[in-house]
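For the record, the sequence lines run as chains A and B. Using our numbering, the first residue of the first sequence is number 104, and each one after it goes up by one. Using our numbering, the first residue of the second sequence is number 104, and each one after it goes up by one. C-beta atoms are modelled at their ideal positions from N, C-alpha and C, and glycine is treated no differently. If you're wondering where the values come from, they're calculated on a predicted model, not measured in any experiment. Let me begin by presenting the structure, written as structure tokens, before commenting on it.
Number of protein chains: 2
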Amino acid sequence: MAVEPSIITEQTATAGKPLRADARRNRDRLVEVAAEVFAERGIDASLEEIARRAGVGIGTLYRHFPTREHLVEVVYRREAEGLCAAAGELAAKYPSDVALEEWMRRFVDYIATKRGLATSLRILLTTNSTLFSDTSGRVSQALRHLVEAAVADDTIRGDVDASDVLHALGGIYSAPDTPEWRDRSRRLVKLLMDGLRFGAGTSMKADR
Amino acid sequence: MAVEPSIITEQTATAGKPLRADARRNRDRLVEVAAEVFAERGIDASLEEIARRAGVGIGTLYRHFPTREHLVEVVYRREAEGLCAAAGELAAKYPSDVALEEWMRRFVDYIATKRGLATSLRILLTTNSTLFSDTSGRVSQALRHLVEAAVADDTIRGDVDASDVLHALGGIYSAPDTPEWRDRSRRLVKLLMDGLRFGAGTSMKADR
DNA sequence: CACTAAAGCGGAGGCGCCTCCGTTTATTAC
DNA sequence: GTAATAAACGGAGGCGCCTCCGCTTTAGTG
């Protein structure tokens, strides 16, 4: 799931000091490639391969990301930010129910990444416990906007809120790591979406 | 903190099938050496060094212990078993309060190991969750015997039980990984022991 | 531009991980 | 004892990790 290089994404991540142009370029490229490689080879992918594919030396990778976990964290954050940003973009471009549906589809991909990263993330979370609450808060806020907009213009039923939807999506966390996982999750999203659309447009919002 | 090779220790650990004599010898030697090396170099010690010191090939190590965690688990169990066994031996050899004091001293060493192993153990515990409750149950049972015996023959005060003592020892878990940790823990044991002896021996058998 | 200091680059090298398989050794059967 | 067989051994080899440091590039200064 490639996330377009956004103007703010990388900037915010490294608040420190302005990097030299070449350093900056390499860093960005490394993160981008790392996201790809982690996605296709799993979290234990070779860091040397990442450096190779990014066209930099292994030393450069290690200067920017002293440990594997540093790199994982940055990739994870970027993934989460991309997802949040997508919410706004989708909302602007599509009818609100379609936006919600598409966003949930991407959410599935995001979770897929996160599950792959699970072991490494667990190590991270013992060190950097804000990471999780941080990002998951922002993600669920993005979902809330989408749901509220769709409810407001009556393209989905009115008796649900974001946390209902999040719980309904909960199943995709727990399912085992089978190859069909992604397809099954996609079906779940579709099913959920049908349920959400049912009873919309009647303009009568039943209470729950 | 070497634990004497006990007759039962290794047998119980591997219930499976009888190993060939040489295999058995190598396995035991590996565990013994691993305990040493982990103690002196920390949990990330080189497995190749362990094999080297044990005088076997690296292949042999991996045949017996397919992953680092397998080896860590066996060492940890052995450590715990040694501690439990020590309770009985000390009780037989010394007055009950002295036995308790000496045992607690060894407990400090045991915890020191456990703390060093923390990261690796965390990985283990996600896979093998019985390990912890298993061993910690047996350890606290050993403590219970010692405390009860000491209370029974009036060498320590009667208004405490094993879980009180365990809680009193709790501080040694949380303290940070400083170099003075061990000394401080020893002082804690001494302090605790003085507290336990206070008010004991008020019946006819006055001194210890 | 030219020059320089500082920042960044990259890959060789040393070490550890783990697998694979030809060789050795213990055990069993005679 | 000897032979046959299964079990175990061990280390070479391939790969990844990470550090270190000589070389290159950039950004700043005149």
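Tell me which residues share the same chain as residue i and place their Cβ nearer than 8 Å to its Cβ, disregarding the 5 neighbours each side in the sequence.
i: Thr163 (chain B); result: Asn129, Leu133 and Ala154
i: Glu152 (chain B); result: Val140 and Arg144
i: Val263 (chain B); result: Val250, Val254 and Leu299
Looking at C-alpha atoms only, which residue of the options is the closest neighbour of residue i?
i: Arg289 (chain A); options: A:Pro169, A:Asp262, A:Asp125 and A:Asp212; result: A:Asp212
i: Asp237 (chain A); options: A:Ser149, A:Tyr179 and A:Leu299; result: A:Tyr179
i: Arg208 (chain A); options: A:Glu172, A:Arg166 and A:Val268; result: A:Val268
i: Lys293 (chain A); options: A:Ala245, A:Pro121, A:Thr170 and A:Asp200; result: A:Asp200
i: Tyr165 (chain A); options: A:Ala245, A:Ala137 and A:Gly145; result: A:Ala137
i: Val250 (chain B); options: B:Trp206, B:Asp286 and B:Leu174; result: B:Trp206
i: Leu291 (chain B); options: B:Phe210, B:Val242 and B:Ala188; result: B:Phe210
i: Leu193 (chain A); options: A:Ala253, A:Val263, A:Lys120 and A:His270; result: A:Ala253
i: Arg241 (chain A); options: A:Ala271, A:Ala124, A:Ala190 and A:Ala195; result: A:Ala190
In chain order, what residues of the same chain have a beta carbon less than 6 Å from the beta carbon of residue i, not counting five sequence neighbours either side?
i: Met296 (chain B); result: Glu204
i: Glu139 (chain A); result: none
i: Met307 (chain B); result: Because the pLDDT of Met307 (chain B) is 41, which lies under 50, any placement of that residue in the model is unreliable, and the number read from its coordinates should be weighed accordingly. Correct list: empty, nothing qualifies.
i: Asp256 (chain B); result: Ser199
i: Lys120 (chain B); result: none
i: Val106 (chain A); result: Annotation note: pLDDT 37 at Val106 (chain A) (below 50); position unreliable, coordinate value reported separately. For Val106 (chain A), where only same-chain residues beyond five positions count, the Cβ hits under 6 Å are Gly185.
Go through its chain and collect everything with a Cβ distance to residue i's Cβ below 7 Å, but skip five positions before and after it.
i: Arg247 (chain B); result: Ala265
i: Arg103 (chain B); result: Within the shown structure, residues of chain B are numbered from 104 to 311, placing residue 103 (chain B) beyond reach of any answer.
i: Gln244 (chain B); result: none
i: Leu174 (chain B); result: Ala137 and Phe168
i: Ala148 (chain B); result: Val140 and Phe141
i: Asp122 (chain A); result: In the sequence as presented, Asp is not what sits at residue 122 (chain A); that position holds Leu. Around Leu122 (chain A): Arg130.
i: Ala271 (chain A); result: Leu295
i: Ala195 (chain A); result: none
State the CB to CB distance for the pair residue i and residue j, rounded to an integer number of angstroms; the pair is presumed to be in contact (CB under 8 Å).
i: Arg127 (chain A); j: Leu150 (chain A); result: Actually they are not in contact, since the Cβ atoms of Arg127 (chain A) and Leu150 (chain A) sit about 20 Å apart, beyond 8 Å.
i: Ile214 (chain A); j: Ile161 (chain A); result: Going by Cβ atoms, the distance from Ile214 (chain A) to Ile161 (chain A) rounds to 31 Å, so no, they are not a contact pair.
So does residue i have its beta carbon nearer than 7 Å to some heavy atom of the ligand SAH?
i: Ala189 (chain A); result: With respect to the ligand SAH, the structure offers nothing, as it holds no ligand at all.
Can you confirm whether the region 183-200 of chain B touches the region 157-173 of chain B when touching is taken to mean that 3 or more C-beta pairs between the two stretches lie within less than 8 Å? Not touching, per the Cβ criterion.
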